[in-house]
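Participant:
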Amino acid sequence: MTNDVVIVGAGPVGLFLACELALAGVRPVVLDRLPARSGEQKANGLVGQVLRLLDHRGLHEPLSGTPGAPRPVPRFVFGAFPLELHRLDANPLHAVPVPQHRIEEVLEERALELGVTVRRGREVTGLAQDPGGVTVDVHGPDGAERLRARYLVGADGGRSTVRKLAGIGFPGVTSPDPVSRIAHVPPPEGISITDDGDVLLPGCPTPFRPYTHTRTDHGVFVIAPFNPDAVMIATLEWGGPPVDDQAPLTLDELRASIRRVTGAELDLAPARTAGPFTPRRTAGHNTRLAERYRDGRVLLVGDAAHVHAATGGPGLNLGLQDAANLGWKLAADLHGWAPPGLLDSYQRERHPVGRRVFMHSQAQIALMSPGAEVTALRALVGELLSHDDNLARIAALMAGSDVRYDSGCPHPLAGGFAPELTLRTADGDVRLAELARGARPLLIDLSGGGLGLADLAAGWKDRVDVVTADRPQPPAAALLLRPDGYVAWACAPGAADPHGLDRALRRWFGEPAGSTR
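With my numbering, the residue at position 70 of the sequence shown is 63, and numbering never jumps.
(1) Under a three-way DSSP split, which group does Arg208 fall into?
(2) Just to confirm before moving on: does the CB-CB distance between Thr304 and Gly72 stay below 9 angstroms?
(3) Report the three-state DSSP secondary structure of Pro171 (helix, strand or coil).
(4) Whether or not the stretch 307 to 325 and the stretch 336 to 352 are in contact is what I'm after, with contact meaning three or more pairs of Cβ atoms, one per stretch, closer than 8 angstroms; do they touch?
(5) Could you check where the alpha helix (DSSP H) with Tyr144 kicks off and where it finishes?
(6) Threshold first: 4 residues or longer. Then list the alpha helix (DSSP H) segments lying entirely within the stretch 316 to 373, N to C.
(7) Identify whether Phe9 lies in helix, strand or coil by the three-state DSSP scheme.
(8) One question on the structure: do Leu498 and Leu406 come within less than 9 angstroms of each other, judged by their Cβ atoms?
(9) Considering only DSSP beta bridges, list what Gln122 is partnered with.
(10) Can you list, in chain order, the stretches of the beta strand (DSSP E) that have 3 or more residues and sit fully within the stretch 383 to 467?
(11) Work out the CA separation of Glu116 and Leu514 for me, nearest whole Å.
(12) From Pro90 to Ala469, what does the alpha carbon distance come to, in whole angstroms?
(13) Check whether the stretch 413 to 431 touches the stretch 386 to 399, taking contact to mean three or more Cβ pairs, one atom from each stretch, closer than 8 angstroms.
(14) State the Cα-Cα distance for the pair Leu439 and Asp149, rounded to the nearest angstrom.
(15) Please identify the residue among Asp170, Arg152, Arg174 whose C-alpha is closest to the C-alpha of Pro164.
(16) Pull up the distance between the alpha-carbon of Met225 and that of Pro467, whole angstroms please.
(17) Kindly give me the distance between the Cβ atoms of Gly277 and Thr187, rounded to whole angstroms, as I take these residues to be in contact under 8 angstroms.
(18) Give a yes or no on whether the C-beta atoms belonging to Arg68 and His79 are separated by under 9 angstroms.
(19) Which partner residues does Ile226 have in the DSSP bridge list?
(20) Put Trp482 into one of helix, strand or coil per three-state DSSP.
(21) Please determine, among Leu247, Asp477, Val99, Ala488, the residue with the shortest C-alpha to C-alpha distance to Trp501.
(22) Leaving out the 5 sequence neighbours to the left and right, which residues in its chain are closer than 6 angstroms to Gly518 when beta-carbon positions are compared?
(23) For Thr280, list the residues DSSP reports as bridge partners.
(24) First and last residue of the beta strand (DSSP E) that includes Glu33?
(25) Taking C-beta to C-beta, are Arg103 and Leu52 nearer than 9 angstroms?
(26) Look at Ala324 and Leu14 and say whether their C-beta atoms are less than 9 angstroms apart.
(27) Hey, quick one: how far does the beta strand (DSSP E) through Arg112 stretch, first residue to last?
(28) Determine the extent of the beta strand (DSSP E) in which Gly38 is found, giving its start and end residues.
(29) Which residues bound the alpha helix (DSSP H) around Glu106?
(30) In angstroms, rounded to a whole number, what distance separates the CA positions of Leu373 and Leu261?
(31) Would you mind reading off the limits of the beta strand (DSSP E) that contains Ala88?
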């Protein structure tokens, strides 16, 4: 049997891609080398534009526990600088603290609801491409087996077996510093909270803002009280004592690092509650970007395509949007209506976004490192961030809301992620995000039907849904949305632009049904 798509890796990105394909009518098979979901503590939350994407899929509420649209956060961090985002009139940065194991749990539940097959305990050992597909060698609980797929997607992390077997280069920068140490522990004795909500450590005059990287003369310290029983404590050090990568991090080693970085003596104890709270150490940082995201019928998403420092939490924002960008294009190819070059646009659109995260993650590490010259640079950057226009630009960078794809449409909304809108329809008020639950292209007529868009798009009704609505002072008379939430075309009130709509429909969603072109 030939599978449409085999996805290697059942982490958040692989599972989300499987959900996107299933919503588009494709039933993928997901393979993972682990026999069960990992209990290892990795990401601590979701940051950026990805929360609006998850809202489009109805996943924001189960992940955040909060109904309605994602809410911007009043404060964040960039290179150990506090970002006072509450100063901005339009704050683009959203964040939700949710551990990665919970993200995987929610996404796997959704994938199984959609009919996705997840096969664990399977390790890919070989692959071979031909014009019709990919043959994948797998070792599983019952020994060796061989799968056939029209496409193979590597979502198997920074050490991706799929990437290596496909011969895709992974150039970048590796540095032995900094050394990161992190653990979840009960609240240590002697810690106090100021009236401003900052944390004071015993024997250290420096106040530390929770959930924020704070640079000292000797490194970086982070404290995050995620719940009353488990406080996350982390340090970053440059040029510290040598570490044994093979030995697990102990609480004594973390305690010594805290002493070097802050001067404080903390009594640390193991976490009292069950959970993925094993102390972790990471030596150095690895910033790499795949030479290409596609090699024939093999594609890469998430950490298989890019790795970088975790500062600012860009990983899942980047990887999950890779999956959303790829999913509908891969499904269009499999269903036979993809216009020429659509699948190749995955590389054209997402590779530059990966390079941008490559850039700012390295910049943040540089800004946190010790040294008098870095202190002088930080003084200058601090002055720049005191101006709201610069603050807004950094917030958009961290959120990924500054991403603009080439749409071929001059409207200012075109190429960006769809705005948050509440629309008045015949069935009542509805948020645009709620209309996007099915992951289908949407043509939204905000003129109340006066533009006749349903007739113009009739040839695409098998793949594009038309919604007629209105709202006071709409940002456009009409919007054509791709399944990944980005605006493919828009027109201003009084400028229906039927030729522009026709071009956009053909460019992104192929020829109309019955066309002989």
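Every residue, glycine too, gets a C-beta built ideally from N, C-alpha and C. No experiment lies behind these values; they were computed from the predicted model shown.
Facilitator: On the basis of the supplied data:
(1) Collapsing the DSSP output to three states places Arg208 in a strand.
(2) yes
(3) strand
(4) Yes, since at least three Cβ pairs between the stretch 336 to 352 and the stretch 307 to 325 fall closer than 8 angstroms, the two stretches touch.
(5) Tyr144 -> not in any alpha helix (DSSP H); beta strand (DSSP E) instead, spanning 136 to 147.
(6) 338 to 361
(7) Here Phe9 carries a helix assignment [DSSP, helix/strand/coil].
(8) It is not a contact, given that the beta carbons lie outside the stated cut-off.
(9) Val127
(10) 415 to 418, 421 to 424, 435 to 438, 458 to 461
(11) Here the chain covers residues -6 to 510 and nothing more, so residue 514 does not appear.
(12) Cα-Cα distance, rounded: 34 angstroms.
(13) They do not touch, by the three-pair rule.
(14) 42 angstroms
(15) Arg152
(16) 44 angstroms
(17) That belief does not hold up - the Cβ atoms of Gly277 and Thr187 are roughly 34 angstroms apart, past 8 angstroms.
(18) yes
(19) Ala176, Ile216
(20) Trp482 carries a strand assignment under DSSP once its states are collapsed to helix, strand and coil.
(21) Asp477
(22) Residue 518 is absent from the model: the chain starts at -6 and stops at 510.
(23) Beta-bridge pairing links Thr280 to Val166.
(24) First-last for Glu33: undefined, no H or E at that position.
(25) Judged by beta-carbon spacing, Leu52 lies within the 9 angstroms limit of Arg103, meaning their Cβ atoms are closer than that value.
(26) yes
(27) Counting along the chain, the beta strand (DSSP E) containing Arg112 begins and ends at 110 to 113.
(28) Per DSSP, Gly38 belongs to the beta strand (DSSP E) from 38 to 40.
(29) Counting along the chain, the alpha helix (DSSP H) containing Glu106 begins and ends at 93 to 106.
(30) 37 angstroms
(31) 88 to 90
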